[in-house]
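First residue of the sequence shown: 82, per the working numbering; consecutive thereafter.
The beta carbon of each residue, even a glycine, is placed where N, CA and C say it ideally should be.
Heads up, the thing below is written out as structure tokens.
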Amino acid sequence: GEIDRFAPARTALMLAPGAGEDGRLEVSEIPNVPFDAEAVVLSACDSGVGEVSRGDEMATLSRAFLQSGARNVVCSLWKVDDEATGHLMRTLYEELARGQSIGSALRLAQISTMRVKKWEDPYFWSGFTQVGGAVAGQLDDEAARAYWARESDIRSAPAWLLAKIILGWLAVSSVLFGL
82 GEIDRFAPAR TALMLAPGAG EDGRLEVSEI PNVPFDAEAV VLSACDSGVG
132 EVSRGDEMAT LSRAFLQSGA RNVVCSLWKV DDEATGHLMR TLYEELARGQ
182 SIGSALRLAQ ISTMRVKKWE DPYFWSGFTQ VGGAVAGQLD DEAARAYWAR
232 ESDIRSAPAW LLAKIILGWL AVSSVLFGL
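Below, the structure written as structure tokens:
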């Protein structure tokens, strides 16, 4: 991915170019592409990070995918380690294949990664979070849609910062304490 701090709507996922496309899938383009998906997983570094744009809104890849119809997004909040992320993602997909919810699968993947001695430091496993739908399977779809409908009315950067802190705390707490 590529974060554009001067023009947040130009933050993009870098894909293979072809068929007249440049390979950049920009935040501003994603809401125009319908994603009827239970989850979008963004395993790249900083995929959940964005900048405050005009109007005090956060322009992030995760928000763009939620606006386009994805019910959940798994994304990273910092530069993540490739090897640890590979392990975490393999475990995440294994747990999803076993029928776990996205929140439970992420939690189990984080626990699995944390139990590997060289990755026990939270830097290696706690950088991923779930955004959207049912956090850890605790909200039904209707409640989640109502929450995200209200989310579009939030206009202050401090509210987004507080939300990121709370989501990060919930992710770490759910792994450490099984919440």
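{"Check": "Quick one: give me the first and last residue of the alpha helix (DSSP H) that residue 142 is part of.", "Outcome": "142-148"}
{"Check": "Classify residue 99 as helix, strand or coil using the three-state DSSP reduction.", "Outcome": "strand"}
{"Check": "Under three-state DSSP, which class holds residue 183?", "Outcome": "helix"}
{"Check": "Sort out for me which residues DSSP pairs residue 153 with in a bridge.", "Outcome": "213"}
{"Check": "Flag this pair as yes or no: are the beta carbons of residue 142 and residue 124 separated by less than 8 Å?", "Outcome": "no"}
{"Check": "Going by Cα to Cα distance, which pick from 122, 118, 94 is closest to residue 107?", "Outcome": "94"}
{"Check": "I'd like to know if residue 101 contacts chain E, where contact means its C-beta is closer than 8 Å to some C-beta of that chain.", "Outcome": "Reference to chain E is not applicable here, since this structure consists of a single protein chain."}
{"Check": "Measure the C-alpha to C-alpha separation of residue 105 and residue 210 and round it to an integer number of angstroms.", "Outcome": "24 Å"}
{"Check": "To which residues of the same chain is residue 113 closer than 8 Å at the C-beta, ignoring the five residues directly before and after it?", "Outcome": "149"}
{"Check": "Output the distance between the C-alpha atoms of residue 207 and residue 191, rounded to the nearest integer angstrom.", "Outcome": "7 Å"}
{"Check": "Return the chain-ordered list of same chain residues with a C-beta closer than 6 Å to the C-beta of residue 168, the five sequence neighbours on each side being excluded.", "Outcome": "194"}
{"Check": "According to the Cβ coordinates, are residue 186 and residue 173 closer than 8 Å?", "Outcome": "yes"}
{"Check": "Looking at C-alpha atoms only, which residue of 118, 175, 89, 126 is the closest neighbour of residue 267?", "Outcome": "The question about residue 267 has no answer, for the chain in this structure spans 82 to 260."}
{"Check": "Less than 8 Å separating the beta-carbons of residue 121 and residue 151?", "Outcome": "yes"}
{"Check": "Can you have a look at residue 159 and say buried or exposed, based on whether 16 or more other CB atoms are within 10 angstroms of its CB?", "Outcome": "exposed"}
{"Check": "Expressed to the nearest angstrom, what Euclidean distance is found between the alpha-carbon atoms of residue 199 and residue 101?", "Outcome": "44 Å"}
{"Check": "So, for residue 83: in the same chain, excluding its five sequence neighbours on each side, which residues have a beta-carbon less than 7 Å away from its beta-carbon?", "Outcome": "92, 93, 95"}
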